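> This is the structure I want to talk about, given as structure tokens.
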Amino acid sequence: MTTGNINVSVENIFPLIKKFLYSDHEIFLRELISNATDATLKLKHLTNIGEAPGVEYGNPIIEVKIDKEAKKLHIIDQGLGMTAEEVQKYINEVAFSGAEEFLDKYKDSAKDSGIIGHFGLGFYSAFMVADTVEIITKSYKDEPAAHWSCDGSPKYSLEETDKKVRGTEIILHINEDSLEFLEEGKINELLTKYNKFMPVPIKFGTREETNTVGEGDDAKEEKTTVDNIVNNPDPAWTKQPADLSPEEYKNFYRELYPMQFEEPLFHIHLNVDYPFNLTGILYFPKLSNDMTMQKDKIQLYQNQVFVTDNVEGIVPEFLTMLKGVIDSPDIPLNVSRSYLQADGNVKKISSYITRKVADKLKSLFNENREDFEKKWNDIKIVIEYGMLSEDKFFEKADKFALYPTVDNTYFTFEELQEKIKENQTDKDGKLVILYASNKDAQHTYINEAKERGYEVLLLDSPIVSHLIQKLETSKENISFTRVDSDSLDNLIKKDEEKISKLSDEEKESLKTVLDEVVPKEKFTVQLEALDSKASPFTITQPEFMRRMKEMSATGGSGMFGMGNMPEMYNLVVNTNHELVNDILNTKTKAKQERLIKQSLDLARLSQGLLKGEELTNFVKRSYEMIK
Ligand code: ADP
Ligand code: MG
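Quick note on numbering: the sequence shown equals residues 332 to 958 in our numbering.
Set out below in structure tokens:
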């Protein structure tokens, strides 16, 4: 038997490890199973290339076993094992010096970063939950098995033992603070979280299986006890797209998110090996307009080991609303998030993903436009958000982003331009795109615009004001205006001579009369010589202010303070309408006032602005009138 001190200069490194790793101590199991997997896959490789003559690879599994009474947790593999010499080298020297270096280097920064598990501290993370750790290992080479034991001081012992079967058994003597790791439920939870898709089958206990044997009348149910394998070693993303049916993609979605009952809209299979390695499947879920955080997120794996579901920085922000998996060994995890963002590989990965998503959307659009239109409402948030945040995506999406009208016709931007340029170009050559955000609330305005042959878009996603702003600045000579932002004539100013039925003096006196009745703090009166059939009174809300307020409400930068501005409305009075003429010519003050009030209320009613007591009074007054 050999005893010795583990090669380390810090007197007692274990308390340090425990302290640093405290917040994330459950990762020990992932680390040990990763090592067991590595050992198995290494052996597979050796037998494949003929470097392990006489060794039968077989169907190795990894087993996790709880011994509650003895407070021990076993992780057993059938991998390549270690000779005593290798234990010396890999466990006593190499790994530990790595740990020491790490602790030295990251003493301050690593404490609450939660990234410790990715430092390759690996094996020694066992000491977070165990007082004593034993390794019993038999190499595939013809050498005696070794038994290593360490009680959490730098002292270890190493002796020969009589293990006959190839592989390694790690035994953790779980410490008093970590007894939860002797609970079946807890271990199950961890295996599901970290090891669900690892490449070597993992056994955790057994389960009963019911099979039907025999046929017809002789058929009977037979119960057998089988290994309870907790993982799927061949998850869909490791396969070729050609080998997967649409059904299998959907099944994998369910496997990833067992609590999710909504089907995904479509998927994107990622597969690249140069200049970085990345595989994965992303799913477009149905998204509603409220962008509340979804709890099923994209999961990041490295070689089928779950790492995190915080993919911030790796996946562009607008795509974090998607679901699915990404697996890449090339994402550096042993560094802080800020470093991650500056990493060249990570940048490339992020733009690769963006490009793939854009390409997929483009092909869906090209291949089945009708279906794409049907899905538009569910995917527009992601696309619009992407157009806002990534210029590269904006360029691509410009070809397939859709602009639906209030009558459910879907145009691309180019198609829209073509369709409306004749009728909706103003006198300065600017193309004016009319839109509504709510078909019911803006019904009157939409109707008037349509009567004049204008197209009215229905743009109702919460970030639409930002998108419009972006479109206006990236395209030439266009402007978006909501249908209720001005009188119809002013929305798209044409070069037509406006003929007013009122003289300048008449307008003056009309203005005076109106100003006396219309509350100044709420409405700015605006006299317009409109079509005599156009509404006599209309309330409008100027596009610019309203849009700025909306942008500030949905988190626009540079819009600071806009959200606090009061709502501003204009009262457009059509001087060519008969009613307005009547108002002007009414002799009794009382009647004049009543006409104005009633008209103002009607205008407010159609803009949805008449509420509460004022609405009650309006209704009462109207009944009086029809008596
Ligand atoms: P890493 O896995 O990053 O190399 P670890 O600290 O997890 O670091 O493990 C150190 C080394 O110990 C491994 O590289 C491997 O050589 C050896 N080792 C650990 N566990 C096993 C095992 N179950 N079977 C064979 N070798 C192992
Ligand atoms: Mg390891």
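All C-beta atoms, glycine included, are put in the ideal place defined by N, C-alpha and C. Treat the numbers as computed from the prediction; the structure is a model and nothing was measured.
(1) What's the gap between the Cα of LYS693 and the Cα of LYS730?
(2) What I want to know is whether the C-beta of ASP558 ends up closer than 7 angstroms to one or more non-hydrogen atoms of the ligand ADP.
(3) Distance, Cα to Cα, PHE433 vs GLU424?
(4) What residue from LYS825, PHE854, ARG813, ALA860 has the CA that sits closest to SER834's CA?
(5) Does DSSP classify TYR490 as helix, strand or coil?
(6) By the 10 Å Cβ neighbour count, where 16 or more other Cβ atoms means buried, how is ILE777 classified, buried or exposed?
(7) Counting only the same chain and skipping the five closest in sequence on each side, list residues whose C-beta sits under 8 angstroms from that of ASP640.
(8) Hey, which unbroken runs of the beta strand (DSSP E) at 3 residues or more fall wholly within the stretch 845-905?
(9) Quick one: what's got a C-beta closer than 8 angstroms to VAL418's C-beta in the same chain, skipping five residues either side?
(10) What is the rounded straight-line gap between the Cα of TYR734 and the Cα of ASN708?
(11) Please classify ASN901 as buried or exposed, where buried requires at least 16 neighbouring CB atoms within 10 angstroms.
(12) Tell me the residue span of the beta strand (DSSP E) that contains LYS920.
(13) Would ASN542 pass as a contact of THR556 if the rule is Cβ separation under 8 angstroms?
(14) Buried or exposed: where does ALA884 fall if 16 or more other Cβ atoms within 10 Å of its Cβ makes it buried?
(15) Report buried or exposed for VAL737, applying the criterion of at least 16 other Cβ atoms within 10 angstroms of its Cβ.
(16) Is the distance from the Cβ of PHE996 to the Cβ of VAL904 below 8 angstroms?
(17) Excluding five sequence neighbours on each side, which residues of the same chain lie with their C-beta closer than 8 angstroms to the C-beta of LYS402?
(18) Under a Cβ-count criterion, where at least 16 other Cβ atoms within 10 Å of its own Cβ denotes burial, should ARG686 be classed as buried or exposed?
(19) Count the other CB atoms within 10 Å of the CB of TYR954; is the residue buried (16 or more) or exposed (fewer)?
(20) Hey, how far is the Cα of MET718 from the Cα of ARG925?
(21) Tell me whether PRO647 is buried or exposed, calling it buried when 16 or more other Cβ atoms sit within 10 Å of its Cβ.
(22) Mind checking whether TYR741 and GLU786 have CB atoms under 8 angstroms apart?
(23) For ILE684, tell me which candidate among GLU579, LEU613, GLU715 has the shortest Cα-Cα distance.
(24) According to DSSP, ILE397 sits in a beta bridge with which residue or residues?
(25) Hey, could you find the ends of the alpha helix (DSSP H) THR371 is sitting in?
(26) CA-CA distance, SER792 and ASP398?
(27) Leaving out five residues before and five after GLU552 in sequence, what residues of the same chain have Cβ atoms less than 7 angstroms from its Cβ?
(28) From TYR588 to ASN821, what does the alpha carbon distance come to, in whole angstroms?
(29) At which residues does the alpha helix (DSSP H) containing ILE712 begin and terminate?
(30) Taking all protein chains shown into account, do 16 or more other C-beta atoms lie within 10 angstroms of the C-beta of ASN808, making it buried, or fewer, making it exposed?
(31) Tell me, please, whether the stretch 795-814 touches the stretch 757-772 by the rule of three or more beta-carbon pairs shorter than 8 angstroms.
(32) Could you spell out where the beta strand (DSSP E) holding PHE583 opens and where it closes?
(33) What residue range is occupied by the uninterrupted alpha helix (DSSP H) comprising GLY943?
The structure says:
(1) Working through the sequence shown from its first residue, we reach residue 693 at position 362. Working through the sequence shown from its first residue, we reach residue 730 at position 399. Straight-line Cα distance between these residues: approximately 8 angstroms.
(2) Numbered from 1 along the sequence shown, position 227 holds the residue referred to as residue 558. Taking non-hydrogen atoms of the ligand ADP into account, the C-beta of ASP558 is found less than 7 angstroms away from none of them.
(3) The residue labelled residue 433 in the question sits at position 102 within the sequence shown. The residue labelled residue 424 in the question sits at position 93 within the sequence shown. Residue confidence for PHE433 is low, a pLDDT of 48 falling below 50, so the modelled location carries little weight; the figure read from the coordinates is stated next. Cα-Cα distance, rounded: 14 angstroms.
(4) Here residue 834 refers to the residue found at position 503 of the sequence shown. Among LYS825, PHE854, ARG813, ALA860, the Cα nearest to that of SER834 belongs to ALA860.
(5) Here residue 490 refers to the residue found at position 159 of the sequence shown. The identity of residue 490 in the sequence shown is Glu, whereas the question assumes Tyr. Note: GLU490 maps to strand in three-state DSSP.
(6) As a position in the sequence shown, residue 777 is number 446, starting the count at 1. ILE777 should be labelled buried.
(7) Numbered from its first residue, the sequence shown carries residue 640 at position 309. Excluding residues within five positions, the ones whose Cβ falls inside 8 angstroms are LYS628, ILE629, GLN630, LEU631.
(8) Whole beta strand (DSSP E) segments, 3+ residues: 854-859, 868-871, 900-905.
(9) Locating residue 418 in the sequence shown gives position 87, counting from the first residue. So the list reads ILE466, THR468, ALA477, TRP479, LEU489, once near-sequence residues are dropped.
(10) Here residue 734 is taken as the residue at index 403 of the sequence shown, counted from 1. Here residue 708 is taken as the residue at index 377 of the sequence shown, counted from 1. About 11 angstroms.
(11) Taking the first residue of the sequence shown as position 1, residue 901 is located at position 570. Buried.
(12) Along the sequence shown, one-based indexing puts residue 920 at 589. Looking at the DSSP string, LYS920 is not in any beta strand (DSSP E); the run it does join, the alpha helix (DSSP H), is 920-937.
(13) Within the sequence shown, the letter at position 211 stands for residue 542. Within the sequence shown, the letter at position 225 stands for residue 556. No, they are not a contact pair.
(14) Working through the sequence shown from its first residue, we reach residue 884 at position 553. ALA884 should be labelled exposed.
(15) Within the sequence shown, the letter at position 406 stands for residue 737. Buried, because 16 or more other Cβ atoms sit within 10 Å of the Cβ of VAL737.
(16) Nothing can be reported for residue 996, as the shown portion of the chain is limited to 332 through 958.
(17) Residue numbering aside, residue 402 sits at position 71 when the sequence shown is read from its first letter. So the qualifying residues of the chain are HIS504, ILE505, LEU510, LEU513.
(18) Along the sequence shown, read from residue 1 onward, the residue named residue 686 stands at position 355. It counts as exposed.
(19) Taking the first residue of the sequence shown as position 1, residue 954 is located at position 623. Classification of TYR954: exposed, given that the 10 Å Cβ count is below 16.
(20) For this step, residue 718 is matched to residue 387 along the sequence shown. For this step, residue 925 is matched to residue 594 along the sequence shown. C-alpha of MET718 to C-alpha of ARG925: approximately 51 angstroms in a straight line.
(21) Looking up residue 647 in the sequence shown gives position 316. Under this definition PRO647 is a buried residue.
(22) The count along the sequence shown starts at 1 and reaches residue 741 at position 410. The count along the sequence shown starts at 1 and reaches residue 786 at position 455. No, these two residues do not count as a Cβ contact at 8 angstroms.
(23) For the purposes of this step, residue 684 is identified with residue 353 of the sequence shown, where counting begins at 1. Of the candidates GLU579, LEU613, GLU715, the one whose C-alpha sits nearest the C-alpha of ILE684 is LEU613.
(24) What you label residue 397 is simply residue 66 of the sequence shown in a count that begins at 1. DSSP lists LEU404 as partners of ILE397.
(25) One-based indexing of the sequence shown puts residue 371 at position 40. Note, THR371: alpha helix (DSSP H), 358-379.
(26) Reading the sequence shown from its first residue, position 461 is the one you call residue 792. Reading the sequence shown from its first residue, position 67 is the one you call residue 398. Computed Cα separation, rounded: 56 angstroms.
(27) One-based indexing of the sequence shown puts residue 552 at position 221. If we look at GLU552 and ignore the five residues flanking it on each side, its Cβ neighbours are THR541, THR543.
(28) To locate residue 588, count along the sequence shown from 1; it is residue 257. To locate residue 821, count along the sequence shown from 1; it is residue 490. The straight-line gap from Cα to Cα measures roughly 52 angstroms.
(29) Within the sequence shown, numbered from 1, the residue matching residue 712 stands at position 381. Counting along the chain, the alpha helix (DSSP H) containing ILE712 begins and ends at 700-720.
(30) Here residue 808 refers to the residue found at position 477 when the sequence shown is read from its first residue. Answer is exposed; the Cβ neighbour count stays below 16.
(31) Contact between the stretch 795-814 and the stretch 757-772 is present: 3 or more CB-CB pairs across the two stretches fall below 8 angstroms.
(32) Translated into the one-based positions of the sequence shown, residue 583 becomes position 252. PHE583: not part of any beta strand (DSSP E); member of the alpha helix (DSSP H) spanning 577-587, first to last residue.
(33) Along the sequence shown, read from residue 1 onward, the residue named residue 943 stands at position 612. Run containing GLY943: 943-957, per the alpha helix (DSSP H) assignment.
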